[in-house]
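What follows is a short report on a single structure.
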Amino acid sequence: MTLLLQSVTDLDGRFLDVRLDGATVADVAPAGALAPRPDDEVHDLAGHHLLPAPAEPHAHLDKALTSHRAPNSTGDLAGAIVAIREISAGFTHQDLVDRATRAAHEYLANGTTAIRTHADVGAHAGTRHARALVEVREALAGLVDVQVVALASAPWAPGEAELNARLLEEAVDLGVDLVGGAPHMWPDRAAGLELSFQVAQRRGLPLDLHTDETLDPTAQGLLHLARRVRSTGFAHGVTASHCVSLGVHPLDVARATAAEVAAAGVGVVALPQTNLYLQGRDAPVATPRGLTAVRTLLEAGATVGAGGDNLRDPFNPMGRADATEAASLLVTSGHLSTREAWDAVSAGARRCMGLPVPVVAVGAPAEFVAIAAESLDAAVAGAGTARLVLSRGRVVASTQVRRVFPGRAVSQS
Ligand SMILES: [Zn+2]
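For the sequence shown, position 230 matches number 1426 in the working numbering, and the numbering has no gaps at all.
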C-alpha cells in the first residue's frame, strides 16, 4: 500500500502532492500532478503543512505524569530530585510501564515518532526504571522508536558512588541503548564524567550526558566533554543535554566552547521548558533565562537539537508532549526563527539521536506530521492542533478538532 498526500504545503512553502511507499518518499510533484493509483490510500491535506516529524531527544518516561504525586516544594532542580527520590520507591514495574507507555502515545499523537528517554539508575531506583523502559521500547517497536539511556545518578549519600557504578553496569547488561550521567551534580565533577565515559567506551555505546544544568557561569563541563571526546577519539556518538551555563558565559568564551563542541561532533540538546522552570529561582529580579546558547552553537556549526524533557513531573509540572511547545519556546526565549526552531526539534533532534532526517524528496525517510495551519508560524504556535502523523508508510495517529461557537455561523476544524 502507498499513501498519496494531496495538496500539502512543505517547509519551503511549496504546494505539493507527495506519495509515500513504505518507509520512503516515492514521488513529489506540484499539487494536482499525481493521479491516484488503485493501491493508493488518498488523503486530501489541503490546508495542512507537511513537516518532518519531530523526535524527542531527551525525555524521562520513567518520571512522566507524576507531578501530582510529588510536588516540587522549592521549584528548583534540587527540589525536583528530592521529590522524585521520595516517590520512586513506590514505582512498581507496572506503574513505570503504564506511565511510560501513556506518555509515549501522547508524543506519538502529536507527531513525535522517535523518543530518547533517560532511565534513573542508582541507589533510589536500582535498575527497575531501566528494565521497565527496555520493556516499553520492545512493546512499542514498529510504532515509536525508543532509545533508552541509563542515567547514572550522582552520589547523594556516602557510599552511593560505588553502588551507582555497579548498577550502571547492570543496566547496560539489561540492554539499554546509551550510557548517561549528570557529572555537574557530583561533588567531584571529573569523577562523574569519568564513570559514564569509561563505561560507554568499554561497552561501545553512545553517550548522552546531562551537562552543566546550572546557571553557574564557571561551569565548563561541556568544554571538558568536548576535549575528552577529541583527545580519546571516542567514536560511538556523544550528546550533551541542557548545557545551561553556556548561555551565561561571556560571548567570547561561549564561542570558543561552541567551536570545540562542533569540532568534537558533540550534539547539544536544548531543553527550554524544564530549564526555564527550574533555573534562576534565586534571582527574583531580572531572572536569567535557563537556556543554552542556541544561536552561538548554530553559528559555530554544532548540531543543535531541542526537546521537551520532563512531562508533568516534579522537574516540570507542565508539558504537552508536543514538539511545537519546545519549538515555540525556542522562538520566544531563544530568539530562533520559526524555521530554525522546527529544524531543532526535528532534523537537529534526529541527528543528535543518530537517526536519518526526513525531507520532502524522493528516497528520503517518510516520517512526517501534517498539521492543519495556514503558515509554519501557525503550525508551531499550536493554533491548529488537528494533525495526521505518518510513519513507515502509514497513518499512525490522527487528531481532529472541531470548535463550535453556538449561535454563530462560524466553526473551525
Ligand atoms: Zn533530563
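Note that the Cβ used here is the ideal one computed from N, Cα and C, for glycine as well.
Buried/exposed call for residue i, threshold 16 Cβ in 10 Å
i, result
"Gly1355", "exposed"
"Gly1603", "exposed"
"His1406", "buried"
"His1289", "exposed"
"Ala1276", "buried"
"Val1481", "exposed"
"Ser1533", "exposed"
"Phe1620", "The structure shown does not extend to residue 1620, since the chain is modelled only from 1197 to 1609, so the question has no answer here."
"Thr1262", "buried"
"Asp1478", "exposed"
"Ala1557", "exposed"
"Ser1284", "buried"
"Met1197", "exposed"
"Ala1337", "exposed"
"Phe1287", "buried"
"Thr1205", "buried"
"Leu1467", "buried"
"Ala1242", "exposed"
"Thr1270", "exposed"
"Phe1511", "buried"
"Asp1509", "buried"
heavy atom of ligand 1 below 7 Å from residue i C-beta
i, result
"His1289", "no"
"Asp1509", "no"
"Ser1437", "yes"
"His1380", "no"
"His1320", "no"
"Gly1505", "Contrary to the premise, residue 1505 reads as Asp rather than Gly in this sequence. Checking every heavy atom of ligand 1 against the Cβ of Asp1505, one is found closer than 7 Å."
"His1406", "yes"
"His1325", "no"
"His1301", "no"
"His1640", "Given a span of 1197 to 1609 for the chain in the structure shown, any question on residue 1640 remains unanswerable."
"His1314", "yes"
Neighbourhood of residue i by C-beta distance below 6 Å, restricted to the same chain and skipping five residues each side
i, result
"Asp1404", "Val1345, Leu1374, Gly1376, Thr1435"
"Leu1304", "Val1340, Ala1593"
"Ala1537", "Ala1523, Leu1526, Val1527"
"Cys1439", "Thr1407, Asp1408, Leu1418, Val1464, Thr1488"
"Val1238", "Leu1200, Pro1232"
"Ala1225", "Asp1213"
Helix, strand or coil at residue i according to DSSP, with G and I counted as helix
i, result
"Asp1235", "coil"
"Val1565", "strand"
"Asp1217", "strand"
"Asp1408", "coil"
"Gln1202", "strand"
"Ser1349", "coil"
"Ala1593", "strand"
"Asp1294", "helix"
"Glu1570", "coil"
"Ala1386", "helix"
Residue-level contact to chain D via CB, residue i, 8 Å cutoff
i, result
"Ala1543", "Absent from the structure is chain D; it holds one protein chain and no more."
Whole-angstrom C-beta distance between residue j and residue i, which should lie under 8 Å
i, j, result
"Ala1517", "Leu1507", "6 Å"
"Ala1248", "Ser1542", "First, the amino acid is wrong: residue 1248 is Pro here, not Ala. Rounded, the Cβ-Cβ distance is 4 Å, consistent with contact."
"Thr1410", "His1380", "6 Å"
"Val1395", "Glu1365", "7 Å"
"Ser1529", "Leu1493", "Their Cβ separation, rounded to whole angstroms, is 15 Å, which puts Ser1529 and Leu1493 out of contact at 8 Å."
Nonlocal neighbours in the same chain, by C-beta distance under 8 Å from residue i, ignoring five residues either side
i, result
"Asp1384", "none"
"Ala1498", "Ala1454, Val1457, Ala1458, Val1462, Gly1463, Val1464"
"Arg1424", "Leu1389, Phe1393, Phe1430"
"Gly1476", "Leu1411, Thr1483, Pro1484, Arg1485, Gly1486"
Own chain, CB closer than 7 Å to residue i, minus 5 neighbours either side, in chain order
i, result
"Gly1400", "His1432"
Proximity test, residue i beta-carbon vs ligand 2 heavy atom, cut-off 7 Å
i, result
"Leu1241", "Questions concerning ligand 2 fall outside what the structure shown contains, since the ligands it does hold are ligand 1."
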